[in-house]
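What follows is one structure encoded as structure tokens, with my remarks underneath.
Numbering (this note's numbering), first residue to last: 12 to 67.
Quick look at the structure:
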């Protein structure tokens, strides 16, 4: 059985996951692929959209 997607996203960081969610909410069939855990890698390092601060 083959699947047809309107959008294929490589990378499940905050940007990829956000785009996938928005597109799916608009009714597009979406495939999101990531080599690791979704939302668990480098989005914050590459675009500085998310900053985590630890106060000790």
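Cβ coordinates follow ideal geometry from the N, Cα and C atoms, glycine included.
Cβ-based neighbour list, residue i, same chain, cut-off 7 Å, excluding 5 preceding and 5 following
i, result
"residue 16", "40, 41, 42"
"residue 30", "20"
Beta-carbon gap between residue i and residue j smaller than 8 Å
i, j, result
"residue 21", "residue 44", "yes"
"residue 28", "residue 18", "no"
Own chain, CB closer than 8 Å to residue i, minus 5 neighbours either side, in chain order
i, result
"residue 38", "none"
CB contact below 8 Å: residue i versus chain B
i, result
"residue 35", "In summary, chain B is missing from the structure at hand, where a single protein chain is found."
Cα-Cα separation between residue i and residue j, rounded to whole angstroms
i, j, result
"residue 14", "residue 23", "20 Å"
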